[in-house]
Amino acid sequence: MAPAPRFSAAEQEKLIIYAAIKAIEDSSLLDFSMSAIAKLAGLSMGSVYKFVQCKEDVLIALATRMYQERQSIFKKVLALPLTTPERIIATSLLDFSKVQMYNFDSQLESIVNTQAMMKRCSQRWLTQMIACGERCQTMFQQFLQAAADSGELISGRRDIEEINIGSWSLSLGYFQTVRVHQCWRNDLADKPAEEMLALAPDNLHIRTMQRLVNTYDWQQKITDDGIKKVCLRLTEAGLR
């Protein structure tokens, strides 16, 4: 009879994930090696390859965990006692250290959402990451549908898709370009990037988001006082 494995499949998965994070931190998202992961995890290469077949799988697996964590945080934000427009803008006002899983989140997101990455990874991991994104999209869709059904969004369901795409595009565009570049400049200047993880109420992105959301027909639009209230609610919830 073959000896029982030292670790269960779930335990091996955790070991490999934690080892992958350490291997990337010790090198980079491009330079880490599968052998380094096996060594750090204390597992054989065969055990590692049962879980992930290539470096692209490793990155997709890490990104999936990152998106799952973000979904749980956004779910808390959308449950805050605020109007729907205020909760939309709250997703940009929360302290992003609360949704940061790794110190390489931004770089990881840029890498995994490329056609080349998706072609090289295993279908199993790509399916998991896509499913995670779809669940998050569905959550926001249902959130806006509830506002339309209650009459808070006076125009009803007609504008739901436009609001969803517009607000997400603006947020993703900001956090994937302006913010990344600012953090890069801070690194060059030897300044802590953590200071930038929560945007000020009068930040240009917040003002732009306020203007975008207020173009739609809400019972109550976002005011400057409403933005201050959002910051207070996020602080009370430990999200800012």
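So the sequence shown is numbered by full-length UniProt numbering: it starts at 1 and just counts up by one. All C-beta atoms, glycine included, are put in the ideal place defined by N, C-alpha and C. Treat the numbers as computed from the prediction; the structure is a model and nothing was measured.
Determine the burial state of residue i: buried for a count of at least 16 other Cβ atoms within 10 Å of its Cβ, exposed for fewer.
i      : result
Arg233 : buried
Ala9   : exposed
Tyr174 : buried
Ile165 : exposed
Pro85  : buried
Tyr18  : exposed
Lys75  : exposed
Met129 : buried
Thr223 : exposed
Ala116 : exposed
Thr235 : exposed
For a test of the three-state rule: what should DSSP assign to residue i, helix, strand or coil?
i      : result
Leu126 : helix
Leu239 : coil
Leu59  : helix
Leu199 : coil
Leu153 : strand
Val77  : helix
Phe104 : coil
Leu234 : helix
Lys119 : helix
Arg87  : helix
Is the beta carbon of residue i sitting closer than 8 Å to the one on residue j?
i      : j      : result
Ile89  : Ile163 : no
Phe96  : Leu197 : yes
Leu59  : Leu108 : yes
Met45  : Ala38  : yes
Ala63  : Leu40  : no
Cys132 : Glu56  : no
Asp217 : Leu153 : yes
Ile16  : Phe51  : yes
Arg87  : Leu78  : yes
Rounded C-beta distance between residue i and residue j? I'm assuming under 8 Å.
i      : j      : result
Gln141 : Ile160 : 7 Å
Ala148 : Arg157 : 5 Å
Met66  : Met101 : 5 Å
**Message:** Please give me, in chain order, every unbroken run of the beta strand (DSSP E) with length at least 3 that falls completely inside the UniProt domain "HTH tetR-type" (10-70).
**Reply:** none
**Message:** Going residue by residue through the segment 205-229, where are the continuous alpha helix (DSSP H) segments of at least 4 residues, counting only ones entirely within it?
**Reply:** none
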